[in-house]
Amino acid sequence: MSATAPTLTTSVGTRAMDFLRRYGIVVVFVALLVVLTATLPQFRTAENLRNILQQNAVIGIIACAMTFAIISGGFDLSVGAGAALASVVGARLMIEAGIPLGIAGALFAGLALGLLNGFLIAYAGVNPFVATLGTATVVRGLIYVSTNATPFFGVPMSFTVVGLGRTGPLPNATWIFLAVTLTLAFVLHQTRFGHYVYAIGGNIVAAAEMGIDVRRVKLAVYALVGASAAVSGIILTGQTASGQPQAALNYELAAITAVIVGGASLGGGRGGMAGTILGVFLLGLVSNALNLYGVSAFWQPVATGTILVLAVGVDSYSRRSVFAWR
Amino acid sequence: MMHAEVFAEADKREGLPSTLRARHISKRFGGVVALDDVSIDVAAGQITGLVGDNGAGKSTLIRILSAVLDPDSGTVELDGAPVHFTSPAEARAAGIETVYQDLALAGNMPVWANIYLGRELLRGLKPLNVLDKRRMAVEAEAMLSRFSRTMPPIDAPTSQLSGGQRQAIAIARAAAWGSKVIIMDEPTAALGPAETRAVEEVIAGLRDRGFAVLIISHNLEQVFRLVDRVWVLRRGRMIGDRWLATSTPEEIVGMITGATAVVRGQGGAG
Chain W
558 MSATAPTLTT
568 SVGTRAMDFL
578 RRYGIVVVFV
588 ALLVVLTATL
598 PQFRTAENLR
608 NILQQNAVIG
618 IIACAMTFAI
628 ISGGFDLSVG
638 AGAALASVVG
648 ARLMIEAGIP
658 LGIAGALFAG
668 LALGLLNGFL
678 IAYAGVNPFV
688 ATLGTATVVR
698 GLIYVSTNAT
708 PFFGVPMSFT
718 VVGLGRTGPL
728 PNATWIFLAV
738 TLTLAFVLHQ
748 TRFGHYVYAI
758 GGNIVAAAEM
768 GIDVRRVKLA
778 VYALVGASAA
788 VSGIILTGQT
798 ASGQPQAALN
808 YELAAITAVI
818 VGGASLGGGR
828 GGMAGTILGV
838 FLLGLVSNAL
848 NLYGVSAFWQ
858 PVATGTILVL
868 AVGVDSYSRR
878 SVFAWR
Chain S
1496 MMHAEVFAEA
1506 DKREGLPSTL
1516 RARHISKRFG
1526 GVVALDDVSI
1536 DVAAGQITGL
1546 VGDNGAGKST
1556 LIRILSAVLD
1566 PDSGTVELDG
1576 APVHFTSPAE
1586 ARAAGIETVY
1596 QDLALAGNMP
1606 VWANIYLGRE
1616 LLRGLKPLNV
1626 LDKRRMAVEA
1636 EAMLSRFSRT
1646 MPPIDAPTSQ
1656 LSGGQRQAIA
1666 IARAAAWGSK
1676 VIIMDEPTAA
1686 LGPAETRAVE
1696 EVIAGLRDRG
1706 FAVLIISHNL
1716 EQVFRLVDRV
1726 WVLRRGRMIG
1736 DRWLATSTPE
1746 EIVGMITGAT
1756 AVVRGQGGAG
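Below you can see the structure in the form of structure tokens.
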């Protein structure tokens, strides 16, 4: 330990920043929770808490998958379009061919979009921003063309059990979110694939030199994001029993915000599932609070955007001096 | 040219097993001759130096030895048998490890993860097997302690360590996997004096353990401190080799710059 002195004795300011980056989210989250509980009687009702869980399941699933993309050094702007695609394809197939085929079709559509993104980024070398913005625009356009940009109904009402039903104390959407979260947390933190996601985000040249197939890892990351967006799209279909071409607009921004707020870095190599979950619910609490205080819904994007810029700002500032794992 | 005879004579003289040998290597890039009929021996239990001016062909030669590049002609032998590697991974699998100048460390990951990068230990049954983090940490610490006296914290991200510690980790990783030959390109170029000494100790430790070590160095003082036998390249040609116990810096500088006429080999010295 003795010889590590030079780089470990960072300035007090840097240390404070480092602490803030690692645990700031927890502090802010708890503080917000306390303030809301103390000042808003309607906040602490079981009904409201269930609402928060229910409303954030869809974005939460996308954010958990987005964590992989961001740690690997990229991101995915097509998750909103992917969820809408899954919703529309799934709803159409449920109407025509039944629920099981609808679910399978929705998952397949999301996976296909993810594989396309992964191919463009990993093998064709297209920058993630351009690749996923491009596919998002194309997919959203195709959805509008094929549906005339109007929602269509006829999905069996029984399917709303997925979006609106409840099992035990929790909404079904929350159970699905929980299952996805636990699975993805396991994959990210315990498996070799998750380990490689950190490695290529930290130093892609080193990863390649040590024999890791970095392109295959990237392809798998975007496939996973696409499939997860499809799961969210299926839940959206279950909330309205319809195909919604406009579904999940701007969800990519909310998901990326949650992941960055949760301690990940847009430079890659850093982040974690626990942080992302906290980030999701921090945004969820803010949105819920705005609601309960009677603030217009139009202020919602203002809040999300501000939080995103703040989080990225803190990250870039602290990254100047110290890299940390997670 | 009587390379073959000269080298056969040299091998008999030294009586040491030549772990890695290259014979009559030539390499052109377009119209530029990078290496012209170059031969070199890298023997086990020795530190072999490779020196020469910028553009003399040192990097090209080690890239051929580590199979990053294919030679246009010539052969590479490992333990007396000719080898034809088609990728650096194959060379590594056969026991030839290269420590790159960028060290190939992921700064965001802990020391143990870097030592096991690409060779992770897993536990459990196939589809559900998980990383065995504890075992990797314990064994990485053991590996590191074999090669380096200063132990960085095994859980620290390598970006938080000093340049010397990072170099030691990269070298320990190269030495840890049953390798025979370790090739290093300017291992101390970016380090201060104290760190340079620490890394030189690590490199000397490799020799004592019987590795065949090849280092490129621009620092002649270091060459004389560390290296047993040095090979001098000038403009793509192997000018000659010297045992440093019986040579002088002036002689080596003369060979590098071409100021002194050179007679190949060094007679019965060494």
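Chains as they are written, first to last, in our numbering: chain W, 558 to 883; chain S, 1496 to 1765.
A virtual CB, placed ideally from N, CA and C, is assigned to each residue, including glycine.
Open item on the list: So with CB distances below 7 Å, who are the chain S contacts of Ala756 (chain W)?
Closed with: Translated into the one-based positions of the first sequence, residue 756 (chain W) becomes position 199. The contacting residues are Ala1601, Met1604 and Leu1612.
Task: Beta-bridge pairing of Lys1522 (chain S) - partner residues as DSSP gives them - done: Walking along the second sequence from the start, residue 1522 (chain S) turns up at place 27. Lys1522 (chain S) pairs with S:Leu1530.
- [ ] Would you decide whether Asp1703 (chain S) is buried or exposed? Buried here means 16 or more other CB atoms lie within 10 Å of its CB.
- [x] Against the second sequence, residue 1703 (chain S) aligns to sequence position 208. That one is exposed.
TODO: Starting from the N-terminal side, write out each stretch of the alpha helix (DSSP H) that is 4 residues or longer and does not extend beyond the segment 1626-1704 of chain S.
DONE: 1628-1642, 1658-1670 and 1688-1703
Open item on the list: For the ligand FMN, is there any heavy atom lying closer than 6 Å to the beta carbon of Gly1526 (chain S)?
Closed with: As far as ligands go, the structure on display features none, and thus does not contain the ligand FMN.
Open item on the list: Can you find the residues in the same chain that come closer than 7 Å, C-beta to C-beta, to Ile582 (chain W), ignoring five residues on each side of it along the sequence?
Closed with: Taking the first sequence and counting its residues from 1, the one referred to as residue 582 (chain W) is at position 25. Contacts found: Val818, Gly819, Gly820, Gly832, Leu835, Gly836 and Leu839.
Task: Within 7 Å of chain S by C-beta, residues of the segment 812-845 of chain W in sequence order - done: Residues of the segment 812-845 of chain W with a C-beta atom less than 7 Å from some C-beta of chain S are Gly826 and Arg827, listed in chain order.
Task: Per-residue DSSP class, three states only, for Glu1716 (chain S) - done: If you number the second sequence from 1, residue 1716 (chain S) lands on position 221. Three-state result, Glu1716 (chain S): helix.
Open item on the list: Restricting to Cα atoms, I'd like to know which of W:Gly862, W:Ala742 and W:Leu823 is closest to Asp872 (chain W).
Closed with: Here residue 872 (chain W) is taken as the residue at index 315 of the first sequence, counted from 1. Here the closest residue by C-alpha is W:Leu823.
Open item on the list: Within the continuous beta strand (DSSP E) that includes Trp1738 (chain S), where are the two ends?
Closed with: Taking the first residue of the second sequence as 1, we reach residue 1738 (chain S) at position 243. Arg1732 to Trp1738 is the span of the beta strand (DSSP E), which, as asked, contains Trp1738 (chain S).
Task: CA nearest to the CA of Arg1661 (chain S), picked from S:Ala1589, S:Ile1535, S:Gly1550 and S:Val1697 - done: Stepping through the second sequence from its first residue, residue 1661 (chain S) is reached at position 166. The candidate whose alpha carbon is nearest that of Arg1661 (chain S) is S:Val1697.
- [ ] Kindly list, in the order they appear in chain W, the residues whose Cβ is closer than 7 Å to that of Glu1615 (chain S).
- [x] For the purposes of this step, residue 1615 (chain S) is taken as residue 120 along the second sequence, with counting starting at 1. Within chain W, the residues near Glu1615 (chain S) are Arg749 and His752.
Task: Glu766 (chain W): contacting residues in chain S (beta-carbon distance under 7 Å) - done: Mapped onto the first sequence, residue 766 (chain W) falls at position 209. Ordered by position in chain S, the residues that pass the 7 Å Cβ test against Glu766 (chain W) are Tyr1595 and Ala1599.
- [ ] Please list the residues of the segment 1716-1737 of chain S that have a C-beta atom closer than 8 Å to any C-beta atom in chain W, keeping them in chain order.
- [x] none
- [ ] Kindly say whether Phe880 (chain W), judged by its beta-carbon, lies nearer than 7 Å to any beta-carbon of chain S.
- [x] Taking the first residue of the first sequence as 1, we reach residue 880 (chain W) at position 323. Because Phe880 (chain W) sits at a pLDDT of 43, beneath the cut-off of 50, its placement in the model cannot be relied upon, and the point is left open.
Open item on the list: For chain W, check one thing: does any of its Cβ atoms lie closer than 7 Å to the Cβ of Ala1584 (chain S)?
Closed with: Position 89 of the second sequence, counted from the start, is the residue given in the question as residue 1584 (chain S). True, the Cβ-Cβ gap to chain W drops below 7 Å.
- [ ] Just the C-alpha distance for Ser715 (chain W) and Val1625 (chain S), rounded to the nearest angstrom, thanks.
- [x] Here residue 715 (chain W) is taken as the residue at index 158 of the first sequence, counted from 1. Here residue 1625 (chain S) is taken as the residue at index 130 of the second sequence, counted from 1. Computed Cα separation, rounded: 39 Å.
Task: Where the beta strand (DSSP E) containing Arg601 (chain W) begins and where it ends - done: Position 44 of the first sequence, counted from the start, is the residue given in the question as residue 601 (chain W). Looking at the DSSP string, Arg601 (chain W) is not in any beta strand (DSSP E), and its letter there is neither H nor E.
Task: Three-state secondary structure assigned by DSSP to Ala1576 (chain S) - done: Numbered from its first residue, the second sequence carries residue 1576 (chain S) at position 81. The answer is strand: DSSP assigns Ala1576 (chain S) an E or B state.
Open item on the list: Is there a C-beta anywhere in chain W that falls below 7 Å from the one on Leu1560 (chain S)?
Closed with: Counting from 1 along the second sequence, the entry for residue 1560 (chain S) is found at position 65. Judged by the 7 Å Cβ criterion, Leu1560 (chain S) is not in contact with chain W.
Open item on the list: So, does the segment 1594-1601 of chain S touch the segment 1563-1578 of chain S, judging by three or more C-beta pairs under 8 Å?
Closed with: Touching, no.
- [ ] Enumerate, from N- to C-terminal direction, the unbroken alpha helix (DSSP H) stretches of 4 or more residues contained entirely within the segment 700-750 of chain W.
- [x] Correct list: 717-721 and 729-747.
Task: Same chain, Cβ closer than 7 Å to Ser1654 (chain S), five either side skipped, listed in chain order - done: Translated into positions along the second sequence, residue 1654 (chain S) becomes position 159. Excluding sequence neighbours, Ser1654 (chain S) sits near Gly1602 and Asn1603.
Open item on the list: Any contact between the segment 1520-1528 of chain S and the segment 1548-1566 of chain S? By contact I mean 3 or more CB pairs, one from each, below 8 Å.
Closed with: Under the 8 Å Cβ criterion, the segment 1520-1528 of chain S counts as touching the segment 1548-1566 of chain S, having at least three qualifying pairs.
- [ ] List the residues of chain W that Val1625 (chain S) touches, going by C-beta distances under 7 Å, in chain order.
- [x] Numbered from 1 along the second sequence, position 130 holds the residue referred to as residue 1625 (chain S). Within 7 Å Cβ-Cβ: Gln747 and Thr748.
Task: Counted within 10 angstroms of its Cβ, other Cβ atoms place Asp1650 (chain S) as buried (16 or more) or exposed - done: In the second sequence, the residue the question calls residue 1650 (chain S) occupies position 155. Exposed, because fewer than 16 other Cβ atoms sit within 10 Å of the Cβ of Asp1650 (chain S).
- [ ] Would you mind listing the alpha helix (DSSP H) stretches within the segment 610-680 of chain W that are 4+ residues and don't spill past its ends, in chain order?
- [x] Secondary structure within the segment 610-680 of chain W: the alpha helix (DSSP H) runs of 4 or more consecutive residues, fully enclosed, are 636-654 and 656-675 (chain order).
Task: Nearest-angstrom beta carbon gap, Arg1730 (chain S) and Glu1695 (chain S) [assumed within contact, 8 Å] - done: Residue numbering aside, residue 1695 (chain S) sits at position 200 when the second sequence is read from its first letter. Residue numbering aside, residue 1730 (chain S) sits at position 235 when the second sequence is read from its first letter. Actually they do not touch by this definition, with Cβ atoms about 29 Å apart.
- [ ] Kindly list the residues whose CB is nearer than 7 Å to the CB of Val1633 (chain S), restricted to its own chain and excluding five residues on each side of it in sequence; keep chain order.
- [x] The residue you call residue 1633 (chain S) lines up with position 138 of the second sequence. For Val1633 (chain S), where only same-chain residues beyond five positions count, there are no Cβ hits under 7 Å.
Task: Helix, strand or coil at Ile757 (chain W) [DSSP, three-state] - done: Here residue 757 (chain W) corresponds to residue number 200 of the first sequence, with the count starting at 1. It is helical.
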